[in-house]
Amino acid sequence: MGRPRQFDESALLDAATELFWSQGFEQTSVEDVSRASGIGNGSIYAAYRSKRGLFLAAFERYCEGRARLVREVVTSAPGSAHAAVRALFEAIIDDCVSQPDRRGCLMLNSIAQLGSRLPEVISIGNRTTAAMERSVAERIRRAAEESGAELDAATLAAYSATVVMTAQGLIQLSRLGTPLGRLRDIAEVSSRSLPEAWKVPVADRVR
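Structure, rendered in structure tokens:
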């Protein structure tokens, strides 16, 4: 059993995530993270062995947070499946425009920049995207069952993948500087792709 870490790992990974996200993998050193977090180089290397190990720990933690955001939004959104998807798009847009310099998503940025060099980035990205799709699929499946609609597994998977792909597209458009109003227009049009029956809350259907 390894020795317990003598530092605040959450604070360290917060600092590492911020630096890798804002500066990129190549431009960020372990020394940078050490200065930002106040945790010594020796402790960082002992825990993660290398900059790569530190990055992957921060990256996986970030991706887990993104998957959790999707799950929480679509699960807690009241009303129809359409309303839940729309709430997800709004949450993504709000998150995008709150980021400094519209810097996008660390997961998508890292896949583009490091995917060919760090296979773990692709593996974590695939796992995260699959988790997002499962959360969306579960919300759509519930709506389909409540409406009495027939929905096979392949169609459900296609709808959930389309929703997640659209959310990721909104992130990329935000990074390009697309105006907020335009992002919301795109989100609204995209959310209309769900079947009409799913746009009405169950309580309204049974009246």
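Just so you know, the sequence shown maps onto residues 297 to 503 in my numbering.
Ideal placement from N, C-alpha and C gives every residue a C-beta, glycine not left out.
Here the structure is a predicted model, which is why all the values come from computation and not from measurement.
Go to residue i, then tell me how far its alpha helix (DSSP H) extends in each direction, as first and last residue.
i	result
Asp-390	377-394
Ile-467	449-471
Cys-359	347-372
Arg-478	476-487
Glu-446	Neither: Glu-446 is in no alpha helix (DSSP H) and is coded neither H nor E.
Thr-324	Per DSSP, Thr-324 belongs to no alpha helix (DSSP H) and is neither H nor E.
Determine the DSSP secondary structure at residue i, reduced to helix, strand or coil.
i	result
Pro-415	helix
Gly-421	helix
Gln-409	helix
Gly-338	helix
Arg-399	coil
Arg-289	Given that the chain is displayed from residue 297 to residue 503, the structure contains no residue 289 and the question cannot be resolved.
Leu-315	helix
Asp-310	helix
Near residue i, which residues of its chain fall below 7 Å by C-beta distance, leaving aside the five closest residues on each side in sequence?
i	result
Gln-464	Leu-404
Ser-456	Glu-429, Val-432, Ala-433 and Ile-436
Spatial neighbours of residue i within its chain, please: C-beta separation below 8 Å, excluding the five flanking residues on both sides.
i	result
Leu-309	Ala-353, Ala-354 and Arg-357
Leu-384	Val-366, Val-369, Val-370, Ala-373, Val-432, Val-459 and Ala-463
Taking 6 Å as the limit between beta carbons, can you name the residues of its chain near residue i, skipping five residues before and five after?
i	result
Glu-484	none
Ala-387	Val-369
Under 8 Å by Cβ, that's how I've got residue i and residue j pegged, so tell me the actual separation to the nearest angstrom.
i	j	result
Leu-466	Ile-389	6 Å
Arg-399	Ser-318	7 Å
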